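Chemist:
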Amino acid sequence: MEQEEINTIEIGYLGEWKHVRNSLDIRLFRERIPNRMLTVSRALPSSICNVLAYPGTCTAASADYMTAIQKVKIEGLEFQWRWQPFDSTRLMLGQAWTEISSAFLDGVPYDRKNDLQTRRSAPSSSTSFILMQKLPGGLDFSLVGYWVGDMQWSRNSAVDFYRRFDARLGYPFNMGGQRGEIAYTAQSINGDHGEFKSSGEPSDRVVELRHWVTFRIEL
Numbered sequence: 000m001e002q003e004e005i006n007t008i009e010i011g012y013l014g015e016w017k018h019v020r021n022s023l024d025i026r027l028f029r030e031r032i033p034n035r036m037l038t039v040s041r042a043l044p045s046s047i048c049n050v051l052a053y054p055g056t057c058t059a060a061s062a063d064y065m066t067a068i069q070k071v072k073i074e075g076l077e078f079q080w081r082w083q084p085f086d087s088t089r090l091m092l093g094q095a096w097t098e099i100s101s102a103f104l105d106g107v108p109y110d111r112k113n114d115l116q117t118r119r120s121a122p123s124s125s126t127s128f129i130l131m132q133k134l135p136g137g138l139d140f141s142l143v144g145y146w147v148g149d150m151q152w153s154r155n156s157a158v159d160f161y162r163r164f165d166a167r168l169g170y171p172f173n174m175g176g177q178r179g180e181i182a183y184t185a186q187s188i189n190g191d192h193g194e195f196k197s198s199g200e201p202s203d204r205v206v207e208l209r210h211w212v213t214f215r216i217e218l
């Protein structure tokens with residue numbers, strides 16, 4: 000079986016402006032896969048049943064096999080911006096835009112499901128935002144937000160656009176020279192949503208509101 004190839008070209012820029020506590024990391028990229036491998040099904044010839052030692056009734060059906068089917072091009076732009084407006088406040092914003100196009104190789108029949116799976120294998124847009132704030136009393140607060148476009152992980156797993164917010168409140172301490180922290184975390188405070196599969200089936204991966212407390216000490 001041949002190996003899948005990937006060729007990548009990227010241009011990046013990293014800028015830091017200390018006098019305004021700003022930094023920007025940006026990347027423009029293009030990836031090409033000339034022989035995307037995929038498991039497909041093919042009909043078996045009736046001659047497969049022409050085996051004298053075959054027990055019982057034989058019916059030629061189909062079998063899965065791995066082969067190269069597509070040329071894929073992935074283009075995108077992503078950046079991460081950091082800003083510290085005050086000594087006690089830090090902000091981070093991340094954004095990625097991705098566009099995927101594909102064409103079937105010569106001799107490979109067009110398959111709409113495989114084509115859609117390729118084009119939707121990454122979200123066209125995804126955003127993340129982080130706020131880190133030092134509070135009175137030595138408390139550390141952080142809020143994280145995610146906005147992720149719809150995508151299809153595999154043949155049988157797809158998820159719609161979702162947004163998610165997590166919050167954390169921590170108290171770092173020093174006890175007898177040993178540093179530690181006790182923290183409370185709340186995940187998905189804006190409600191339930193699917194992140195891997197969300198189609199109303201028992202196998203769905205739905206993230207619900209969760210809470211937990213952690214205690215850490217450095218020995």
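Sequential numbering from 0 applies to the sequence shown in numbering that gives the first Met the number 0.
In this text, a Cβ means the ideal position worked out from N, Cα and C, and glycines have one as well.
Here the structure is a predicted model, which means the values were calculated and not measured.
#1: Name the two residues that bound the continuous alpha helix (DSSP H) containing Asp-114.
#2: For His-210, list the residues DSSP reports as bridge partners.
#3: Could you tell me the distance, in whole angstroms, from the CA atom of Phe-172 to the CA atom of Asp-191?
#4: Taking a contact to mean a Cβ-Cβ separation below 8 Å, would you say Gln-132 touches Asp-165 in this structure?
#5: Return the Cβ separation of Ile-68 and Val-107 in integer angstroms, given the expectation that the two are a contact with Cβ distance under 8 Å.
#6: Looking at the strands, I want to know which residues DSSP matches up with Asn-21.
#7: Go ahead and pull the three-state DSSP assignment for Gly-175.
#8: Ala-102: buried (16+ other C-beta within 10 angstroms of its C-beta) or exposed?
#9: Answer yes or no: do Gly-144 and Phe-128 have a C-beta to C-beta separation smaller than 8 Å?
#10: Does the ligand ADP have a heavy atom nearer than 7 Å to the CB of Lys-70?
#11: Please go through the stretch 141-175 and give each complete beta strand (DSSP E) segment of 3 or more residues, from N-terminal end onward.
#12: Would you identify the three-state DSSP class for Pro-33, choosing helix, strand or coil?
#13: For the putative contact between Leu-27 and Glu-1, defined by C-beta atoms under 8 Å, what is the C-beta separation to the nearest angstrom?
Modeler: Short version:
#1: Translated into positions along the sequence shown, residue 114 becomes position 115. It spans 111-118 - the alpha helix (DSSP H) in which Asp-114 sits, taken as one unbroken run.
#2: For the purposes of this step, residue 210 is taken as residue 211 along the sequence shown, with counting starting at 1. Answer by DSSP bridge pairing, in chain order: Ala-185.
#3: Taking the sequence shown and counting its residues from 1, one reaches residue 172 at position 173. Taking the sequence shown and counting its residues from 1, one reaches residue 191 at position 192. In a straight line, the C-alpha of Phe-172 is about 34 Å away from that of Asp-191.
#4: Taking the first residue of the sequence shown as position 1, residue 132 is located at position 133. Taking the first residue of the sequence shown as position 1, residue 165 is located at position 166. Contact annotation: Gln-132 and Asp-165 have beta-carbon atoms that are not nearer than 8 Å.
#5: For the purposes of this step, residue 68 is taken as residue 69 along the sequence shown, with counting starting at 1. For the purposes of this step, residue 107 is taken as residue 108 along the sequence shown, with counting starting at 1. About 5 Å separates the Cβ atoms of Ile-68 and Val-107, confirming a contact at the 8 Å cut-off.
#6: In the sequence shown, counting from the first residue as 1, residue 21 sits at position 22. Trp-16 and Trp-82.
#7: Residue numbering aside, residue 175 sits at position 176 when the sequence shown is read from its first letter. Collapsing the DSSP output to three states places Gly-175 in coil.
#8: In the sequence shown, residue 102 corresponds to position 103, counting from 1. That one is exposed.
#9: The count along the sequence shown starts at 1 and reaches residue 144 at position 145. The count along the sequence shown starts at 1 and reaches residue 128 at position 129. Yes. Within cutoff.
#10: Questions concerning the ligand ADP fall outside what the structure shown contains, since it holds no ligand whatsoever.
#11: Uninterrupted beta strand (DSSP E) stretches at least 3 residues long and entirely within the stretch 141-175 occur at 150-153, 156-158 and 161-174, given in chain order.
#12: Stepping through the sequence shown from its first residue, residue 33 is reached at position 34. Three-state result, Pro-33: strand.
#13: To locate residue 27, count along the sequence shown from 1; it is residue 28. To locate residue 1, count along the sequence shown from 1; it is residue 2. Contact doesn't hold; Cβ gap of about 30 Å is too wide.
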